[in-house]
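S.K.: Got a structure for you, questions after.
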Amino acid sequence: MYKQIFQGTLIALIVALAGCAHRPAHDPSDPLESVNRGIFAFNMTADKYVLRPVAKGYRWAVPGFARTGIKNFFQNLGYPVTIANQYLQGKLADGTADLGRFLLNTTLGIGGLVDVAGYWGLPAHDEDFGQTFGRWGVGEGWYLMLPFLGPSTNRDVVGMVFGGPLNPTYYSDETATIWGLTVLDAIQTRAQYLNADALLMQQLDPYAFMRNAYLQRRWSAVHDGNPPLDDEPDFEAYDDF
Amino acid sequence: MKIQLLAALFLALASIAGVHAQGGAKSTPAAAQPASPNQVISSVAEELLGRIKQDREALDKDPQRLYAMVDEVVLPYFDFPLMSRLVLGPAWDKADESQQKRFMDGFKTLLVKTYGNALLQYSNEKVSFADAEPGSKPDRASVASTIQSPGADPVTMHYRMRQKDGQWLVYDVVVDNISLVTNYRGTYASEIKRGGLQSLIEKLEKQAAG
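Quick note, the sequences are listed as chains A and B, same order.
So the first sequence is numbered by this note's numbering: it starts at 1 and just counts up by one.
So the second sequence is numbered by this note's numbering: it starts at 1001 and just counts up by one.
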């Protein structure tokens, strides 16, 4: 019962969002900015005292090849989301190639640890429900900063909820295992980006910088890396320069 | 996802420098002809790589020396007036000449610092370059480069360039589909909205000095 109400609400939300147009990243829709900034400050503090030090330890203690294996494992675990969304976006060939990639890496690649498919020329893709909705014409809605999870939008939050059941861990009763995996994934993801910290901290306004980067990247992902250049500044006018 | 973007941006900065540039970079383009977009990018990478190898300890200890090196090696290949103009957007036209100059200087110093510090943190990355893709006009081009570090996804970046008086100059760096110019433009636009251009310039100068 509760679940149905929840699903109904989500669908209503998507329909409502479908009316929202895309806004360029330099002019984002962020009506919750003051709340978002509060959550951002909280996230940064939690990161500074917990996640970042742990991620540093991980990078120091775990050799590069093992970190690559762990990264591959988590990428493979979440891959059903990519496959399903390739099909939902009508990209049948890509979806089938990604299905092959998933099967290869899960079996020959020892549960995803080794990217066998990558060596054989099947590159990894990254699709999700947020991108599919975007492809279908749903606007981002508002920019959101989620506690612990970081930047998102109304559309991408809904997409995240839809993606949940496609992750194999969704069907496991092993609470301890799930938590273990979640924590490890958070650490290994954070470890990949330790070197980016300095760049963020050198910004006049780290919040705005991150918002802009997130929206640009999602806009590009919706268009599989070739977005219409709505953000291309009016270059022609500067040719005299 | 989240932190990825920043990482990507950061890597961008690091890789312009190509801390461990791979692939044969031609450091001496034919004298008569202007260097092609690829030659510009790869020769800058090679030059920076050599300098850092040779001088790492001193550069680590003395930031001023590091910034001076970046200034000398990288800046000649960046179209700073154009970048500054693109970053400010409509605000550029409303600014008076001294504001434009102050903004340009502050922005430049800040980029050099950010970039220099990024450089020193990288050591094990593999950087490869692809051939230049032509842009929308004959005087535009984009050079792609891929950076692979252990335990992380490869990051692709594009140096957007334009030809000005025969010389190819970088005017934007796009990392993992995030344009640096667009990103700074967005950040600065909200700053201008909040406190005006003058306040942005003052903050920039303060940060550049600090």
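C-beta: ideal position from N, C-alpha, C; glycine also.
No experiment lies behind these values; they were computed from the predicted model shown.
Check whether the segment 154 to 165 of chain A touches the segment 37 to 45 of chain A, taking contact to mean three or more Cβ pairs, one atom from each stretch, closer than 8 Å.
M.R.: No, the segment 154 to 165 of chain A does not touch the segment 37 to 45 of chain A.
S.K.: Excluding the 5 residues flanking arginine 59 of chain A on each side, which residues of the same chain have their C-beta closer than 8 Å to its C-beta?
M.R.: Locating residue 59 of chain A in the first sequence gives position 59, counting from the first residue. If we look at arginine 59 of chain A and ignore the five residues flanking it on each side, its Cβ neighbours are Arg67, Ala191 and Leu194.
S.K.: Looking only at its own chain, which residues have a Cβ that is under 6 Å from the Cβ of alanine 117 of chain A, when we skip the five neighbours before and after it?
M.R.: Mapped onto the first sequence, residue 117 of chain A falls at position 117. Counting only Cβ-Cβ distances below 6 Å, and skipping sequence neighbours, we find Arg101, Leu104 and Asn105.
S.K.: Can you tell me whether arginine 1056 of chain B is buried or exposed, with buried defined as 16 or more other CB within 10 angstroms of its CB?
M.R.: Taking the first residue of the second sequence as position 1, residue 1056 of chain B is located at position 56. Label assigned to arginine 1056 of chain B: exposed.
S.K.: If aspartate 98 of chain A and tyrosine 79 of chain A are in contact, beta carbons under 8 Å, what's the gap, nearest whole angstrom?
M.R.: Sequence index remark: in the first sequence, residue 98 of chain A carries index 98 (1-based). Sequence index remark: in the first sequence, residue 79 of chain A carries index 79 (1-based). At roughly 7 Å, the Cβ-Cβ gap stays under 8 Å, so aspartate 98 of chain A and tyrosine 79 of chain A are in contact.
S.K.: Looking only at DSSP bridge pairs, what is alanine 1141 of chain B linked to?
M.R.: Sequence index remark: in the second sequence, residue 1141 of chain B carries index 141 (1-based). DSSP lists B:Pro1134 and B:Met1161 as partners of alanine 1141 of chain B.
S.K.: Hey, is serine 1142 of chain B's beta-carbon within less than 7 Å of any beta-carbon in chain A?
M.R.: Numbered from its first residue, the second sequence carries residue 1142 of chain B at position 142. No, no contact with chain A.
S.K.: Out of curiosity, what's the CA-to-CA distance linking leucine 1119 of chain B and valine 1044 of chain B?
M.R.: The residue labelled residue 1119 of chain B in the question sits at position 119 within the second sequence. The residue labelled residue 1044 of chain B in the question sits at position 44 within the second sequence. Rounded to whole angstroms, leucine 1119 of chain B to valine 1044 of chain B spans 13 Å at the Cα level.
S.K.: Would you list the one or two residues that DSSP bridges to valine 1173 of chain B?
M.R.: For this step, residue 1173 of chain B is matched to residue 173 along the second sequence. Valine 1173 of chain B is bridged to B:Tyr1159.
S.K.: Please list the partners that aspartate 185 of chain A has in chain B, where partner means a Cβ-to-Cβ separation under 9 Å.
M.R.: Taking the first residue of the first sequence as 1, we reach residue 185 of chain A at position 185. By Cβ distance, chain B contributes nothing, its closest Cβ being about 12 Å from aspartate 185 of chain A, past 9 Å.
S.K.: Taking only beta-carbon positions, decide if lysine 1045 of chain B is within less than 7 Å of chain A.
M.R.: In the second sequence, the residue the question calls residue 1045 of chain B occupies position 45. For the sequence presented, residue 1045 of chain B should be read as alanine rather than lysine. For alanine 1045 of chain B, the answer is no, since every Cβ of chain A falls outside 7 Å of its Cβ.
S.K.: Output, in sequence order along the chain, the residues in the segment 1167 to 1179 of chain B whose CB is closer than 8 Å to any CB in chain A.
M.R.: Per Cβ criterion, the list reads Asp1176, Asn1177, Ile1178 and Ser1179.
S.K.: Which residues in chain A sit within 7 Å of glutamine 1207 of chain B, going by Cβ to Cβ distance?
M.R.: For the purposes of this step, residue 1207 of chain B is identified with residue 207 of the second sequence, where counting begins at 1. Per Cβ cutoff of 7 Å: Leu204.
S.K.: Taking serine 220 of chain A as the query, report the chain B residues whose CB atoms sit under 7 Å from its CB, ordered along the chain.
M.R.: As a first step, residue 220 of chain A must be located in the first sequence, where it is residue number 220. Result: Asn1177.
S.K.: Please report how far the alpha carbon of isoleucine 1052 of chain B lies from the alpha carbon of valine 1040 of chain B, in whole angstroms.
M.R.: By 1-based counting over the second sequence, the position of residue 1052 of chain B is 52. By 1-based counting over the second sequence, the position of residue 1040 of chain B is 40. Distance between the alpha carbons of isoleucine 1052 of chain B and valine 1040 of chain B: 18 Å.
S.K.: Label asparagine 212 of chain A either buried or exposed according to how many other C-beta atoms from any shown protein chain fall within 10 Å of its C-beta, with 16 as the threshold for buried.
M.R.: Locating residue 212 of chain A in the first sequence gives position 212, where the first residue counts as 1. By the neighbour-count rule (16 or more Cβ atoms within 10 Å), asparagine 212 of chain A is buried.
S.K.: Which residues in chain B have a C-beta closer than 7 Å to the C-beta of threonine 68 of chain A? List them in chain order.
M.R.: Counting from 1 along the first sequence, the entry for residue 68 of chain A is found at position 68. Pro1150 and Gly1151, listed in chain order.
S.K.: In whole angstroms, give me the CA-to-CA distance for asparagine 72 of chain A and glycine 1196 of chain B.
M.R.: Mapped onto the first sequence, residue 72 of chain A falls at position 72. Mapped onto the second sequence, residue 1196 of chain B falls at position 196. Rounded to whole angstroms, asparagine 72 of chain A to glycine 1196 of chain B spans 47 Å at the Cα level.
S.K.: Under 7 Å between C-beta atoms, does glycine 1186 of chain B make it to chain A?
M.R.: Sequence index remark: in the second sequence, residue 1186 of chain B carries index 186 (1-based). Closer than 7 Å to some Cβ of chain A, the Cβ of glycine 1186 of chain B qualifies, so yes.
S.K.: Taking Cβ to Cβ, would you say glycine 1116 of chain B is nearer than 7 Å to glutamate 1205 of chain B?
M.R.: Position 116 of the second sequence holds residue 1116 of chain B. Position 205 of the second sequence holds residue 1205 of chain B. The answer is no: Cβ separation not under 7 Å.
S.K.: Using C-beta distances below 6 Å, list every residue in its chain close to leucine 1066 of chain B, excluding the 5 sequence neighbours before and after it, in chain order.
M.R.: Taking the second sequence and counting its residues from 1, one reaches residue 1066 of chain B at position 66. Answer for leucine 1066 of chain B: Leu1059 and Gly1116, listed in chain order.
S.K.: Please list the segments of the alpha helix (DSSP H) lying wholly inside the segment 57 to 91 of chain A, counting only runs of 4 or more residues, in order along the chain.
M.R.: The segment 57 to 91 of chain A contains these whole alpha helix (DSSP H) runs: 64 to 77 and 79 to 88.
S.K.: How many Å lie between proline 1134 of chain B and phenylalanine 1103 of chain B at the Cα?
M.R.: Your numbering for residue 1134 of chain B matches position 134 in the second sequence. Your numbering for residue 1103 of chain B matches position 103 in the second sequence. Their Cα atoms are separated by approximately 31 Å.
S.K.: Give me, in chain order, the residues of the same chain whose beta-carbon lies closer than 7 Å to that of glycine 57 of chain A; leave out the 5 immediate sequence neighbours on both sides.
M.R.: The residue you call residue 57 of chain A lines up with position 57 of the first sequence. Around glycine 57 of chain A: no qualifying Cβ.
S.K.: Among the residues of its own chain, which have a CB less than 7 Å from the CB of glycine 111 of chain A, if the five just before and after it don't count?
M.R.: Translated into positions along the first sequence, residue 111 of chain A becomes position 111. Excluding residues within five positions, the ones whose Cβ falls inside 7 Å are Phe73.
S.K.: For arginine 155 of chain A, which residues in chain B fall below 7 Å Cβ to Cβ?
M.R.: Position 155 of the first sequence, counted from the start, is the residue given in the question as residue 155 of chain A. The premise fails here: arginine 155 of chain A is roughly 14 Å from chain B at the closest Cβ pair, so nothing lies under 7 Å.
S.K.: Between the segment 131 to 145 of chain A and the segment 75 to 89 of chain A, are three or more C-beta pairs nearer than 8 Å?
M.R.: Yes, they touch.
S.K.: Give me the chain A residues within the contact set of leucine 1204 of chain B, using Cβ-Cβ distance strictly less than 9 Å, ordered along the chain.
M.R.: By 1-based counting over the second sequence, the position of residue 1204 of chain B is 204. Ordered by position in chain A, the residues that pass the 9 Å Cβ test against leucine 1204 of chain B are Leu204.
S.K.: Any idea what DSSP makes of glutamine 1198 of chain B, helix, strand or coil?
M.R.: Your numbering for residue 1198 of chain B matches position 198 in the second sequence. If DSSP states are grouped into helix, strand and coil, glutamine 1198 of chain B belongs with the helices.
S.K.: Which residues in the same chain as proline 31 of chain A place their Cβ atom closer than 8 Å to its Cβ, once the five residues preceding and following it in sequence are excluded?
M.R.: Start at 1 with the first residue of the first sequence, and residue 31 of chain A comes out as number 31. Cβ within range, chain order: Trp142.
S.K.: How about the segment 1155 to 1166 of chain B and the segment 160 to 180 of chain A: do they share at least three Cβ pairs that are nearer than 8 Å?
M.R.: With the cut-off at 8 Å, the segment 1155 to 1166 of chain B and the segment 160 to 180 of chain A do not touch.
S.K.: So what's tryptophan 1168 of chain B in DSSP terms, helix, strand or just coil?
M.R.: By 1-based counting over the second sequence, the position of residue 1168 of chain B is 168. It is a strand residue.
S.K.: Would DSSP call serine 152 of chain A helix, strand or coil?
M.R.: Within the first sequence, numbered from 1, the residue matching residue 152 of chain A stands at position 152. Strand.
S.K.: Serine 972 of chain B touches chain A at which residues, Cβ-Cβ below 9 Å?
M.R.: This structure leaves residue 972 of chain B out entirely; chain B is present only between 1001 and 1210.
S.K.: Starting from phenylalanine 148 of chain A, find everything on chain B with Cβ-Cβ shorter than 7 Å and list it in chain order.
M.R.: Here the question's residue 148 of chain A lines up with position 148 in the first sequence. In chain order: nothing, as chain B lies at least about 10 Å away.
S.K.: Taking the C-alpha atoms as reference points, what is the distance between isoleucine 1003 of chain B and alanine 196 of chain A?
M.R.: Taking the first residue of the second sequence as position 1, residue 1003 of chain B is located at position 3. Taking the first residue of the first sequence as position 1, residue 196 of chain A is located at position 196. With a pLDDT of only 48 at isoleucine 1003 of chain B, under the threshold of 50, the placement of this residue in the model should not be trusted, and no figure is reported.
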